[in-house]
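Accompanying notes for the structure given below.
Number of protein chains: 4
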Amino acid sequence: MEFKDNKSIALQIADNLSEKIIEGNIQIEGRIPSVRELAAEMGVNPNTIMRSYAELQNKNIISNQRGIGYFVNKDAKKIIMEGRRNEFFAHNLPELVRQMDLLDISYEELKASIHSLQNNHTGKAGAN
Amino acid sequence: MEFKDNKSIALQIADNLSEKIIEGNIQIEGRIPSVRELAAEMGVNPNTIMRSYAELQNKNIISNQRGIGYFVNKDAKKIIMEGRRNEFFAHNLPELVRQMDLLDISYEELKASIHSLQNNHTGKAGAN
Amino acid sequence: MEFKDNKSIALQIADNLSEKIIEGNIQIEGRIPSVRELAAEMGVNPNTIMRSYAELQNKNIISNQRGIGYFVNKDAKKIIMEGRRNEFFAHNLPELVRQMDLLDISYEELKASIHSLQNNHTGKAGAN
Amino acid sequence: MEFKDNKSIALQIADNLSEKIIEGNIQIEGRIPSVRELAAEMGVNPNTIMRSYAELQNKNIISNQRGIGYFVNKDAKKIIMEGRRNEFFAHNLPELVRQMDLLDISYEELKASIHSLQNNHTGKAGAN
DNA sequence: GTGGTCTAGACCACC
DNA sequence: GTGGTCTAGACCACA
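Protein chains in written order, with my numbering: chain A, 29 to 156; chain B, 29 to 156; chain C, 29 to 156; chain D, 29 to 156.
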């Protein structure tokens, strides 16, 4: 995994885990890797993973069972989805509109670009 | 002007000037405020403005005339627009699509939200 | 290290590092000294080193790993050499030729002077 | 005339005048334009020309006759040529050699480049 | 007056 | 420990 530099590595890893959860790539109520395991796998400092897990715990996405490990909460998916949708409609979308306005990008252009992007995904989003 | 904390003040000021240029609120080939002037006006340190101007200068958006001040380049608008459009189509839009995918947001839903945003916008300025 | 006064200290340090890289005195993909370290060693302010490193970073010669330090990029040598060769053939050499023209210096004279320079050079290190 | 930004405008103008003198484009013992005239022609501040002339006066290249104007000294050409040749052999050339060394540029390459540059001048330097 | 550079020192987030 | 940013203040060259 490569990291951007406009966001902390810890948060990027937390986001990454969140996405795996809503994509179904991590089992609900399943155990996630230990701090050390994941740190080794990602090539980062265990402290960093600690902060990622703390963040997720904070949002009630995962829980810690002492001495055993971290587990995905039952309603993790719902929490993540809601959080992201709020974020999307409250911030991303208005910013998008502002940019379109500023850059003279029409909705036709937007629509076309979106569809062409989605068709590249083929299979995942293509049928919509 | 208020500053966000996820981006340096210097860059926010640079972006702000860029937007004023493409909106036509700063004259092409016109002089922009001196480093000290703008610093005073914005309530920041002159060094910070220096960094803003340095950023714009090495994007070829402004130029310096020694001992006189900074001036907006002739093709500043073109450079800014191109830069932002590239950014938009290369990063913002793909990320948008990825989010739509992830959050199960259809284009129809997107369109509706955009329109409601626009109505609020024009409503605020128009209906009063 | 002594500094000339026709170029900023920050840039002189950046150039100095570049030369060490193409001479092989700094390992490709190796870590370079931390900002504070080099600042202490050179007897300058850390901010000055920051500007040196920033310069090298946006020429893609070095990269930052957050919280760890700066590292020399894999193709740093190539980038530096290309940059300098371009500079050499596009500016230094034409200026040289212009001077030769202006000062009535023939290629033969140039050649002789170069050879005498080289002999002094090797003489110093060799003949003693 | 366009100015570079690594040297003061005053010095660039002084150099420019020096070159015109050794090229024969300004008459030995002739009058050169008044400070105000040249300032207007060059689009710079008269103070700047003042400093150019002061510099040349300092080197005994021109002299001031009070109330009349500035005149080119009899041995101006000799002074300029000597100064420049010293500069050339003491600084430019060693730096050139250092660059060639660093950039792995051979003398054959240098020679070829010089000749191709000189042939582009055709007429002025071509017959040498 | 203009910008350019540097210092000193602070505070922050991050690893 | 690492870099990143900002402030405050100084000094300089230049127009």
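Built from N, CA and C at the ideal position, the CB exists for glycine as well.
Check, Outcome
"Closest Cα partner of Asn-34 of chain A within the set C:Asn-114, C:Ala-42 and C:Asn-92", "C:Asn-92"
"For Gln-55 of chain D, three-class secondary structure by DSSP", "coil"
"Helix, strand or coil at Ala-155 of chain C according to DSSP, with G and I counted as helix", "With a pLDDT of only 40 at Ala-155 of chain C, under the threshold of 50, the placement of this residue in the model should not be trusted, and no figure is reported."
"Stretch pair the region 117 to 133 of chain A + the region 77 to 91 of chain A: three plus CB contacts closer than 8 Å", "no"
"Nearest-angstrom Cβ-Cβ length linking Gly-58 of chain B and Phe-99 of chain B, presumed shorter than 8 Å", "7 Å"
"Environment of Ser-46 of chain C [buried if 16+ CB atoms lie within 10 Å]", "buried"
"Sequence-distant residues of the same chain with beta carbon closer than 8 Å to Asn-156 of chain B, five excluded per side", "Residue placement at Asn-156 of chain B cannot be trusted, given a pLDDT of 39 that sits under 50; what the coordinates show is reported in the next sentence. None."
"Beta-carbon neighbours of Lys-48 of chain A, restricted to chain B and to distances below 8 Å", "Near Lys-48 of chain A there are no residues of chain B at all, since even the closest Cβ is about 11 Å away, more than 8 Å."
"Run of the beta strand (DSSP E) containing Gly-97 of chain A, from where it starts to where it stops", "97 to 100"
"Burial state of Arg-94 of chain A (16 or more Cβ within 10 Å)", "exposed"
"Contact with chain A by Arg-94 of chain C, beta-carbon distance below 8 Å", "yes"
"9 Å Cβ cut-off: residues of chain C touching Asp-132 of chain A", "The premise fails here: Asp-132 of chain A is roughly 29 Å from chain C at the closest Cβ pair, so nothing lies under 9 Å."
"Proximity test, Cβ basis, 8 Å: Leu-66 of chain A and chain B", "no"
"Beta carbon proximity, Asp-117 of chain A to chain B, threshold 8 Å", "The sequence as given places Phe at residue 117 of chain A; Asp does not occur at that position. Chain B contact via Cβ: present."
"Closer than 8 Å to chain D by CB, Lys-32 of chain C", "no"
"Inter-residue spacing [alpha-carbon to alpha-carbon] between Ala-67 of chain A and Glu-83 of chain A", "16 Å"
"Chain-ordered chain A contacts of Val-125 of chain B [CB-CB under 7 Å]", "Ile-142, Leu-145 and Gln-146"
"Rounded straight-line distance, which links the Cα of Gln-40 of chain A to that of Tyr-135 of chain B", "27 Å"
"Pairwise C-alpha distance: Leu-131 of chain D and Arg-112 of chain C", "8 Å"
"Minimum Cβ-Cβ distance from Asn-114 of chain C to chain D less than 8 Å", "no"
"Any C-beta of chain D under 8 Å from that of Tyr-135 of chain C", "yes"
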